[in-house]
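Asker: Its first residue numbered 0, the sequence shown is counted upward by one per residue in numbering that gives the first Met the number 0.
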Amino acid sequence: MGLGKTIQALGIMQYFKADWPLLIVCPSSVKFAWLNKKALRVILLSGTPALSRPVELFSQIRIIDPKIFPNFRDFAIRYCDGKQGRFSFEAKGCTNSTELALILTNNVMIRRLKKDVLGDLPEKRREVVFLHDDSITMGISNLRSAKAAYNGAVDKESKHQCLVEYYHETGIAKAKSVATHIVNSFFYDDAPRRKVLVFAHHQVVLDTISMHITKTGLRSIRIDGTTAPKSREEQCRLFQEDDDVVVAVLSMTAAGVGVTLTAATVVVFAELHWNPGTLKQAEDRAHRVGQTDSVFVQYLLANGTADDVLWPLIQRKLDVLDSCHLSSDSYKGADNVQKNVINTTSGIVEYFPATKKNKPNKDEQY
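#1: Check each candidate in Ser-230, Met-251, Lys-82 and Arg-221 and name the one with the smallest Cα separation from Val-245.
#2: So, is His-272 buried or exposed, given that buried needs 16 or more other C-beta atoms within 10 angstroms?
#3: Given a cut-off of 8 Å on the beta-carbon distance, is the pair Lys-175 and Thr-225 in contact?
#4: Contact check, Gln-290 vs Leu-120 under 8 Å by CB: the rounded distance?
#5: Where does Met-210 land, buried or exposed, given buried means 16+ other C-beta within 10 angstroms?
#6: In the DSSP assignment, the alpha helix (DSSP H) including Glu-240 goes from what residue to what residue?
#7: Just checking my contact of Ala-178 with Glu-164 at CB under 8 Å: how many whole Å lie between their CB atoms?
#8: Can you have a look at Tyr-369 and say buried or exposed, based on whether 16 or more other CB atoms are within 10 angstroms of its CB?
#9: Buried or exposed, going by whether 16 or more other CB atoms sit within 10 Å of the CB of Ser-140?
#10: Helix, strand or coil for Lys-36? Go by DSSP, reduced to three states.
#11: So, is Asn-35 buried or exposed, given that buried needs 16 or more other C-beta atoms within 10 angstroms?
#12: Residues in the same chain with beta-carbon distance under 6 Å from Ala-17, minus the five sequence neighbours each way, listed in chain order, please.
#13: Would you list the one or two residues that DSSP bridges to Glu-89?
#14: Inspect the beta-carbon positions of Gln-59 and Pro-69 and report whether they are closer than 8 Å.
#15: To the nearest whole angstrom, what separates the beta carbons of Thr-264 and Lys-316, a pair I think is in contact under 8 Å?
#16: Taking just the CA atoms, how far does Ile-67 sit from Val-107?
#17: Would a C-beta distance cut-off of 8 Å place Cys-323 and Ala-100 closer than the cut-off?
#18: Assign Phe-57 to one of two classes, buried (16 or more other C-beta atoms within 10 Å of its C-beta) or exposed (fewer than that).
#19: Is it true that the CB of Gly-276 sits closer than 8 Å to the CB of Leu-50?
#20: For a test of the three-state rule: what should DSSP assign to Glu-164, helix, strand or coil?
#21: Quick one: using the 10 Å Cβ neighbour count with 16 as the cut-off for buried, is His-201 buried or exposed?
#22: Please name the residue or residues paired with Phe-57 in a DSSP beta bridge.
#23: Spatial neighbours of Ala-32 within its chain, please: C-beta separation below 6 Å, excluding the five flanking residues on both sides.
#24: According to the neighbour-count rule (16 or more other Cβ atoms, all chains shown, within 10 Å of its Cβ), is Ala-262 buried or exposed?
#25: Look up Tyr-14 in the DSSP assignment and say whether it is helix, strand or coil.
#26: Measure the beta-carbon distance from Leu-300 to Val-127 and round it to whole angstroms, keeping in mind my assumption that it falls under 8 Å.
#27: Using only the alpha-carbon positions, how far apart do Phe-86 and Glu-232 sit?
#28: Helix, strand or coil: which one does DSSP assign to Ser-326?
#29: Candidates Asp-189, Arg-124 and Asn-302: which alpha carbon is nearest Lys-173's?
#30: Please specify which runs of the beta strand (DSSP E), each continuous and at least 3 residues long, are wholly inside the stretch 156-211, giving them in chain order.
#31: Once the 5 residues before and after Leu-39 are set aside, which same chain residues still bring their CB inside 8 Å of it?
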């Protein structure tokens, strides 16, 4: 995530040049070579080796040294609270995390923090904004139905499926309010010149935001899962170099990794994501090597929506990763401007500065 891993990789590659051929595996968005050969050395470079759970580490550790954990089931039982679920074996928890952290750091993991390797990188500040304007009533009946289905689900599988739909309807309900907030907050008359990254997950949310931004006359780019690699590169270059292009509307999964957009100093999340690692990666499209200004990050939430479920879930996952020394960022380092803004939401929210937009309307509980 902007820590200079590419430079480190090139140095290691050169050091072991006598052992080549070399196989390089990387995300398609940053792919520059595939050499289908056997390698004598294996090095994994990642700012987020696990997005949310320790179980995500197993296959990576096996690639480096399969002797450390030869059996998945044993690994899962010991470190992932592995147990037989209703339909299959499940490994979604975290147990003995201190022991796992010691094994990782003593055998396969070298950890570098941003503050250690990028001491001159400007600060990153986060804020949460609760949206309460009338536009959130758009699609309110669907949101109400999705919420009722989620609250009424009894088993884990149906609960998850209902949450997916609830999450989708939340994005739709918030989209117009998000777009209005961005224009009013960052592009008002006489506003200082700045560039803004807007991240969302669902296509319909990206569509709504893009349409609203275009109607205001602001020039923007858009990158989502349908954007061709060549076009992606051109869009990024345009955003970085053209002063008149001030907004980038981006898919968290399609543009959250492998791109540098340091021309932006503001990052806005229209939607949340299941994995905290995805959010952090997206933040660091702007907060990385090459950034000369401080970066301001806003998370836009709405009470009575799926945000009430996902927000605390994100904090719990961050706590799990921190216990395994896989993440030091629990979002608790942000300045506290207004603590415990809303009693129905706990966990990560209380560590953010919070701002309320407009007054609650009669439908906000939905």
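Note that beta-carbon positions come from the ideal geometry of N, C-alpha and C, so glycine has one too.
Remember, predicted model here, so these are calculated numbers, not experimental data.
Answerer: Reading from the atomic positions:
#1: Position 246 of the sequence shown holds residue 245. When each option's Cα is compared against that of Val-245, the closest is Arg-221.
#2: Position 273 of the sequence shown, counted from the first residue, corresponds to residue 272. Counting Cβ neighbours within 10 Å, His-272 comes out buried, since at least 16 surround it.
#3: Looking up residue 175 in the sequence shown gives position 176. Looking up residue 225 in the sequence shown gives position 226. No.
#4: As a working mapping, residue 290 is identified with position 291 in the sequence shown. As a working mapping, residue 120 is identified with position 121 in the sequence shown. Yes, Gln-290 and Leu-120 are in contact; Cβ-Cβ is about 6 Å, under 8 Å.
#5: Numbered from 1 along the sequence shown, position 211 holds the residue referred to as residue 210. Answer is exposed; the Cβ neighbour count stays below 16.
#6: Here residue 240 refers to the residue found at position 241 of the sequence shown. Start and end: 228-240.
#7: As a working note, residue 178 is residue 179 in the sequence shown. As a working note, residue 164 is residue 165 in the sequence shown. That belief does not hold up - the Cβ atoms of Ala-178 and Glu-164 are roughly 23 Å apart, past 8 Å.
#8: Here the chain comprises residues numbered 0 to 365, so residue 369 is not present and cannot be evaluated.
#9: In the sequence shown, residue 140 corresponds to position 141, counting from 1. Exposed, because fewer than 16 other Cβ atoms sit within 10 Å of the Cβ of Ser-140.
#10: Walking along the sequence shown from the start, residue 36 turns up at place 37. Only weak support is given to the placement of Lys-36: the predicted model assigns it a pLDDT of 42, under 50, and the value that follows is read from those uncertain coordinates. If DSSP states are grouped into helix, strand and coil, Lys-36 belongs with coil.
#11: The residue given as residue 35 occupies position 36 in the sequence shown. In this predicted model, Asn-35 has a pLDDT of only 43, less than 50, meaning its place in the structure is not dependable; the value taken from the coordinates is given anyway. Flag for Asn-35 reads exposed.
#12: Position 18 of the sequence shown, counting from 1, holds the residue named residue 17. No residues qualify anywhere along the chain.
#13: Walking along the sequence shown from the start, residue 89 turns up at place 90. Glu-89 pairs with Lys-82.
#14: Within the sequence shown, the letter at position 60 stands for residue 59. Within the sequence shown, the letter at position 70 stands for residue 69. Taking 8 Å as the Cβ cut-off, Gln-59 and Pro-69 do not qualify as a contacting pair.
#15: For the purposes of this step, residue 264 is identified with residue 265 of the sequence shown, where counting begins at 1. For the purposes of this step, residue 316 is identified with residue 317 of the sequence shown, where counting begins at 1. The Cβ separation is near 28 Å, so there is no contact.
#16: Counting from 1 along the sequence shown, the entry for residue 107 is found at position 108. Counting from 1 along the sequence shown, the entry for residue 67 is found at position 68. Each residue's Cα considered, the two are about 9 Å apart.
#17: Mapped onto the sequence shown, residue 323 falls at position 324. Mapped onto the sequence shown, residue 100 falls at position 101. Cβ distance < 8 Å, so Cys-323 and Ala-100 count as in contact.
#18: The residue given as residue 57 occupies position 58 in the sequence shown. Buried, by the Cβ-count rule.
#19: Here residue 50 refers to the residue found at position 51 when the sequence shown is read from its first residue. Here residue 276 refers to the residue found at position 277 when the sequence shown is read from its first residue. Yes, these two residues count as a Cβ contact at 8 Å.
#20: As a working mapping, residue 164 is identified with position 165 in the sequence shown. Helix at Glu-164.
#21: By one-based count along the sequence shown, residue 201 stands at place 202. His-201 comes out buried.
#22: Residue numbering aside, residue 57 sits at position 58 when the sequence shown is read from its first letter. For Phe-57, which the question treats as bridged, DSSP gives no partner whatsoever.
#23: Along the sequence shown, read from residue 1 onward, the residue named residue 32 stands at position 33. Confidence at Ala-32 is low in this model, with a pLDDT of 42, below 50, so its placement is unreliable and the value that follows should be read with caution. For Ala-32, where only same-chain residues beyond five positions count, the Cβ hits under 6 Å are Ile-23.
#24: Along the sequence shown, one-based indexing puts residue 262 at 263. It is buried - the Cβ of Ala-262 has at least 16 other Cβ atoms within 10 Å.
#25: Mapped onto the sequence shown, residue 14 falls at position 15. Helix, per DSSP.
#26: The residue given as residue 300 occupies position 301 in the sequence shown. The residue given as residue 127 occupies position 128 in the sequence shown. Between Val-127 and Leu-300 the Cβ distance is about 6 Å, and since that is below 8 Å, they are a contact.
#27: Residue numbering aside, residue 86 sits at position 87 when the sequence shown is read from its first letter. Residue numbering aside, residue 232 sits at position 233 when the sequence shown is read from its first letter. Using only the alpha carbons, I get a separation of about 43 Å.
#28: Sequence index remark: in the sequence shown, residue 326 carries index 327 (1-based). Residue state, collapsed to three classes: coil.
#29: Translated into the one-based positions of the sequence shown, residue 173 becomes position 174. Nearest option by C-alpha distance: Asn-302.
#30: 195-199
#31: Reading the sequence shown from its first residue, position 40 is the one you call residue 39. Only Phe-15 and Asp-18 meet the Cβ criterion.
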